[in-house]
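What follows is a single structure, written as structure tokens, with notes after it.
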Amino acid sequence: MRRRLPGLPRPAALLVLLLAVTGLTVPGTGPAAAGGVPPSGTAPAIGSEQALFRAGTGGYGCFRIPALVRTKAGSLLAFAEAREAPSCGDRGDIDIVVRRSVNDGRTWGPVRVVPAGDVAPQAGGTAQAGAAVTRGNAAPVVDLRSGRISLLSTSNPANSSYPRIPWVQDSTDDGLTWSAPRRIGADLGAGTASGTWWATGPGHGIQLTEGPHAGRLVVGAHQVQASTGKYFGGYLYLDPQADGSGEWKAAAATGTASPEPSEVAVAEQSGGDVRLVARDEAKGPRLTAVSTTPADAATPSVPAFAAGGGALTPPGATDVQASVLRLHTAAADGVDELLMAAPANAGRNDMTLWSACGGSWRGTGTAVSASRGGYSDLALLQDGEIGLLYEGGSTYSMQEIRFDRFAESALGSPCGAAPRAAGSVQVPPQPGPTTPDASPEASDAYLYGGAGLGDGKLAGVWDKSLSLTGTGYADVPYSRSVDPADGDFTYALWFRHTATPATADRVLFWAYGYGAGVPQVWLRARPGPDHDDLYAGVQGSGGSAYVSVKDASATSTAFGDGLWHHVALTRAGGRITLTVDGGRGGTGTATGVAGPVAGALSLGPSGIRVGAKPAASSTEPFTGDVDELRLYRTALSPAQIAGLATAAGSADPVTGADAGLVLRLPFTVVDQAGEPVLEDVAGVDDESGHCADAWVLGGAAARRDGAAGVGGIGQSLAVDSGHPGVEAPMTPSLDLGAGDFTLSMWFAYSASAGTPDQALLWAYGMNSDPQMWVQARPSSGSISAWVQTDTGRVSPTVSASAFGDGLWHQLVLRRSGGTVTLTVRGAAASDPVYTATSTGLTGSLTSGRATGVRGLRIGSRIDGAKVMDGRVDEFRLYPSALDDAALETVHAGGGLGADSAATVRWSFDSKYTYAVPASRPEPAATATTPDVSGRCDNGYLLGGAGIEPGARNGGGALHLDGSGSVLVPRGADLALQAEAVAGTPADPGESADFSVAAWFRYSAGPATPDQVLVWGYGAVSGARQLWLRARPSADQLTATVQTGQRQVQVTAPDGSAATAFGDGAWHQVVLARAGDTVTLYVDKAALGTVTLGPGDLTATDGFAADGLRLGAKPDGTDPLTGYLDDVQVFRQGLDGAAVAASYDTGAVPYGPALVMSLPFDIRTDQSTPRM
1 MRRRLPGLPR PAALLVLLLA VTGLTVPGTG PAAAGGVPPS GTAPAIGSEQ
51 ALFRAGTGGY GCFRIPALVR TKAGSLLAFA EAREAPSCGD RGDIDIVVRR
101 SVNDGRTWGP VRVVPAGDVA PQAGGTAQAG AAVTRGNAAP VVDLRSGRIS
151 LLSTSNPANS SYPRIPWVQD STDDGLTWSA PRRIGADLGA GTASGTWWAT
201 GPGHGIQLTE GPHAGRLVVG AHQVQASTGK YFGGYLYLDP QADGSGEWKA
251 AAATGTASPE PSEVAVAEQS GGDVRLVARD EAKGPRLTAV STTPADAATP
301 SVPAFAAGGG ALTPPGATDV QASVLRLHTA AADGVDELLM AAPANAGRND
351 MTLWSACGGS WRGTGTAVSA SRGGYSDLAL LQDGEIGLLY EGGSTYSMQE
401 IRFDRFAESA LGSPCGAAPR AAGSVQVPPQ PGPTTPDASP EASDAYLYGG
451 AGLGDGKLAG VWDKSLSLTG TGYADVPYSR SVDPADGDFT YALWFRHTAT
501 PATADRVLFW AYGYGAGVPQ VWLRARPGPD HDDLYAGVQG SGGSAYVSVK
551 DASATSTAFG DGLWHHVALT RAGGRITLTV DGGRGGTGTA TGVAGPVAGA
601 LSLGPSGIRV GAKPAASSTE PFTGDVDELR LYRTALSPAQ IAGLATAAGS
651 ADPVTGADAG LVLRLPFTVV DQAGEPVLED VAGVDDESGH CADAWVLGGA
701 AARRDGAAGV GGIGQSLAVD SGHPGVEAPM TPSLDLGAGD FTLSMWFAYS
751 ASAGTPDQAL LWAYGMNSDP QMWVQARPSS GSISAWVQTD TGRVSPTVSA
801 SAFGDGLWHQ LVLRRSGGTV TLTVRGAAAS DPVYTATSTG LTGSLTSGRA
851 TGVRGLRIGS RIDGAKVMDG RVDEFRLYPS ALDDAALETV HAGGGLGADS
901 AATVRWSFDS KYTYAVPASR PEPAATATTP DVSGRCDNGY LLGGAGIEPG
951 ARNGGGALHL DGSGSVLVPR GADLALQAEA VAGTPADPGE SADFSVAAWF
1001 RYSAGPATPD QVLVWGYGAV SGARQLWLRA RPSADQLTAT VQTGQRQVQV
1051 TAPDGSAATA FGDGAWHQVV LARAGDTVTL YVDKAALGTV TLGPGDLTAT
1101 DGFAADGLRL GAKPDGTDPL TGYLDDVQVF RQGLDGAAVA ASYDTGAVPY
1151 GPALVMSLPF DIRTDQSTPR M
């Protein structure tokens, strides 16, 4: 998502960073990147659980609001809101993300962004592409006739303003890719005024199976009317056409002021009627309504919601959303049974399942977890089990989103219907590092034992392969996608080993089953003198076939000559064919295969094991190397196999067969992520979206009920000696310089003439340094302001009163040119206004910004003295002198829409004032330098790193003395992988293109060691990574890009008399990826180009990971001695014209794609809470 800060470069697109710390060797322990991990706290009371989304991972502060749906093909799609701010509030940069499982939730694919943080042009207001946006309320629904999946959601500007708009996007490939969001124009009855609140779901929708409108799609929704505050709870519906067309419409809802139905879940009743279950925002009991489906084309209506009373009222806690699932039907099972998931107790504790039998709720439920629990969703799984996706945690309900898979028998048949039998005995794989599947299915392989990556060099000097020493193997867990059933298939791989006639048999791969009569597919090398061949077996449920190809060479046995060989095993109907080296090494065929090659789910088929048998003993291990293992759900032709069997084409797609590719393991990287290390952080969000988050001193317990202004809504912050206010470090939005400004805040305290002076706010410095403060002075009955720049000072004082009457008062301090005005007034419009003005001020408040000037503190002096004893609320800072009319609007609580000019806003409301565990790579007191892209990707200044003012073009630069570096921590904005949006990658985030640009200056000779300019992501061989360094010994700059599929290097030789551009002058370097091409520019000249091919630079698992390091490797080695400036990251490949414009004029190209910009003009004294 994107923000705009006046006076700063254009903002940028929000993308997801889910970076993997990877390793070459595999210890066999730790969390698995390809699936979930065990949840925090104790085991669930029923079923088995995994944590799919965890707070503090992937660059997100938390994940919330789950939604779960099963597709026509049987896949599970688990959606969530990925929220960047650690507060986990409902505003700010929020994406909707999804994980996909094709084996009923035993393993899960990567986290992918579905709707990015862009706003379409028709969104209304001033929000354009590049503006910050909040995406949320995922409500997926499946058309079981066509397989089309529709995802409904909403958006609004990131500062919690309007418009709030519903959207829909579709997937026609089982959730792998999605269309761009389209606006829904329906209206539940609340109207379309800009202040109308819209919410879809959250949670899955349904498709009616009975009644006159069987096939209709229904999704719960509600609106809040802007003019009356009435709630309209109801649903959206679509009668899908065969071609996917159709218009989403709204059932006519009944608006009520009380109760207030929201977060509507839907379920079908007998005859095609729709039961709706809703939360009451007025904190009453849970609400229900039944909408009768009309027999004709009339618009359906939803009656007013009611609690019902007694058994008609859904049980459980009422302060949270609940999910419902139709478990049994009267037509099929003799009773309509609904299942509901919700916490049992207030405060979001004890996730529980309840049943409704024919409309009456059972008072006793089935406990799922005794820990914290929040929002949820339910789905029937393909194997007969039930899946529950819910917010949970050992300490707070937003700690993680868990997936619990349990048998229906665990519910105890509360309505008398026979429980479904669980149809599978499969269990999730043991945790371990993974290597990515490059096919769309993302069936990553787990590496165990001694399996690791070796320098295979099959496809070039940078290639790697799976190295097996006889003690390890790779496992692809069983899933529907890798099960060819009774259809055609092709297994293809490269292998290399050394063997003698005395060498025992070696398994290349073994799939699906093991033992006599069990469906299975396998391939092994048999070096013994009786065989000297490759031997394959395909056992179907109705017949089998076995085929071998002998090694005709006189110098090797079973192709064990230490050279690379290619082998392919195909099934075409009942015939199997084994082809070695594209036919050059021999071909064999056999017939007799019949039926599926994997057993039924109830038999627990295994997946694909590379390098050993699937038995517990892992016998017949392979010793050697394996590369480019592929599985196609089609029988490749001899010509297609021959194309694969050339080293140069080993990584190429197969023309005409890509649609059937369901597994491709290039064995290029190992994703071995670690769990996040969290520490408690107390802070307050900057709701303006300009990254000026503040620390809550003493913890967020200082927030308590009570609001400034008329109406008594929201919360305020209590300030006392134990909680001395809030403080934000210096940010661009606090960098007032010599410019105009207006700050407004509300305060309330009680005082007498003997009460000590109390600091209401204090900024920048003390003593002779530039500073700005406002103090209450009860002893003199006054409020005084002090504005001291680097050239002068003024001190306007309101002497009429110190306002220590315990009531709310607004404080306003304005600078307009040389005039500073202090205004204090009460909450009522009729209260007197007290004003004092001083003139003649010149100079800057923040001239020391490069040397560690303090930021802004509210509630005490910046050294901790003069602590206020009272409350503060609704602080705003504007980078202009507001006129009187605008100030009246601010006094009345207005001016907070999408057009708000505030560059800092702290409301202190409960959603945005927090104390939560958060991931922090460095201590809070570490100095930082801010990102001015609007993405909050600030950098830690480590070791000897410092800001030197005036170092380049009058601005600051990063000075590195060989002992320091800058760490830009993990952040969702720096992801360099594609989003799940189909079509031409026209918008940032829809492709894996990127650019990294930096200015650098250093001195070097031929003997100078290598020096790192930028290093990203992984740091060891076999890790996804990006790095750019100067290599004086080679007289060049060198860049390396390692994706999940390939590694390349590109060089830029220095053609001048200098060494590796180390002439002590400033140079600009840009590394750009556009499509399959990587180009290295120096001083706007393209000096090196290389073909990279497809593949993502960052992994998308759900764990903590590293970000970018500037000026050294992540371990501190190869440090730069010199300067860096204007380091920028773009989510777009800059072309030559854009690079030239940046070099010649400093213009920021492709503004919406800019995701990080470090100008090195500001050094803060501490980090921010969201780092």
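At position 220 of the sequence shown (counting the first as 1) the number is 220 in UniProt numbering, and the numbers step up by one without a gap.
Just so you know, even glycine gets a beta-carbon here, dropped at the ideal spot from N, CA and C.
Note that the coordinates shown come from a computational prediction; the quantities given were computed from them, not determined experimentally.
| Item | Value |
| --- | --- |
| Distance between Tyr535 and Gly592 (C-alpha atoms, nearest Å) | 16 Å |
| Met340 to Thr655 span [Cα, whole Å] | 49 Å |
| Per-residue burial, Leu896 [other beta carbons within 10 Å of its own, 16 or more giving buried] | buried |
| Own chain, CB closer than 6 Å to Ala214, minus 5 neighbours either side, in chain order | Leu208 |
| The beta strand (DSSP E) enclosing Val1048, as first and last residue numbers | Gln1047 to Pro1053 |
| Beta carbon of Ser465 nearer than 9 Å to that of Ala451 | no |
| Reduced DSSP secondary structure (H/G/I, E/B, other) of Glu628 | strand |
| Among Asp333, Thr293 and Ala748, the one whose alpha carbon lies nearest that of His806 | Sequence inspection shows Gly at residue 806; the His mentioned does not correspond to that position. Ranking the options by Cα distance to Gly806, first place goes to Ala748. |
| Segments assigned alpha helix (DSSP H), at least 4 residues, entirely inside the stretch 1063 to 1110 | none |
| Cβ distance (whole Å) where residue 1173 is taken to contact Gly964 below 8 Å | In the structure as shown, the chain starts at 1 and stops at 1171, and residue 1173 therefore has no counterpart that could be examined. |
| Straight-line gap, Pro969 to Glu687 (C-alpha atoms, nearest Å) | 22 Å |
| Short Cβ contact (9 Å threshold) for Ser262 with Tyr231 | yes |
| Nearest candidate by alpha-carbon position, reference Ser270, set Val219, Trp564, Leu338 and Ala438 | Leu338 |
| Through-space distance from Phe1000 to Ala881, alpha-carbon basis | 38 Å |
| Touch test, the stretch 438 to 453 against the stretch 356 to 363, Cβ-Cβ under 8 Å, three pairs minimum | no |
| Within 9 Å, strictly: CB atoms of Asp685 and Ala221 | no |
| Contacting residues, own chain, Cβ-Cβ under 6 Å from residue 1179 (five flanking each side not counted) | With the chain running from 1 to 1171 in the structure shown, residue 1179 is simply not present. |
| Environment of Leu144 [buried if 16+ CB atoms lie within 10 Å] | exposed |
| Buried versus exposed, by CB contacts within 10 Å (16 or more), Ala885 | exposed |
| Cβ neighbours of Gln310 in the same chain (closer than 8 Å, five flanking residues each side left out) | Note that residue 310 is Gly in the sequence shown, not Gln. Nothing meets the Cβ criterion. |
| Beta carbon of Leu694 nearer than 9 Å to that of Leu856 | According to the sequence shown, residue 694 is Ala rather than Leu. Contact: yes. |
| The stretch 198 to 206 touching the stretch 160 to 173, judged by at least three CB pairs closer than 8 Å | yes |
| Local conformation of Ala311 per DSSP, three classes | helix |
| C-alpha distance - Leu378 paired with Ser75, whole-angstrom precision | 14 Å |
| Beta-carbon separation (whole angstroms), Ile386 vs Pro66, contact threshold 8 Å | Ile386 to Pro66, Cβ: 15 Å. No contact. |
| Integer Cβ distance of Leu974 from Gly1111, believed to fall under 8 Å | With 8 Å as the limit, Leu974 and Gly1111 do not qualify as a contact, their Cβ atoms being about 17 Å apart. |
| Cβ pair Leu958, Leu1124 closer than 9 Å | yes |
| Chain-order list of residues whose beta-carbon lies under 6 Å from that of Gln128 (same chain, five-residue window excluded) | The pLDDT assigned to Gln128 is 41, lower than 50, so where the model puts this residue is not dependable; a value taken from the coordinates is nonetheless given after this. Excluding residues within five positions, none has a Cβ falling inside 6 Å. |
| Selection from Arg112, Ala1052 and Arg1031 that minimises the alpha carbon distance to Thr1089 | Ala1052 |
| With 16 other Cβ atoms within 10 Å as the buried cut-off, status of residue 1229 | A query on residue 1229 cannot be resolved here, the shown segment of the chain reaching from 1 to 1171 and no further. |
| Counterpart residues of Pro140 in DSSP-defined beta bridges | Leu151 |
| Identity of the residues DSSP links to Asn349 by a beta bridge | Asn345 and Arg372 |
| Ala261 - containing beta strand (DSSP E), residue span | Strictly speaking, residue 261 in this sequence is Pro, with Ala absent from that position. From DSSP, the beta strand (DSSP E) with Pro261 extends over Pro261 to Glu268. |
| Secondary structure of Thr889, DSSP reduced to three states | helix |
| Extent of the continuous alpha helix (DSSP H) run through Ala638 | Sequence check: residue 638 is Pro here, not Ala. Its alpha helix (DSSP H) spans residues Pro638 to Leu644. |
| With 16 other Cβ atoms within 10 Å as the buried cut-off, status of Gly989 | With a pLDDT of 45 at Gly989, under the threshold of 50, the modelled position of that residue is not reliable, and the figure given next carries that caveat. Buried, by the Cβ-count rule. |
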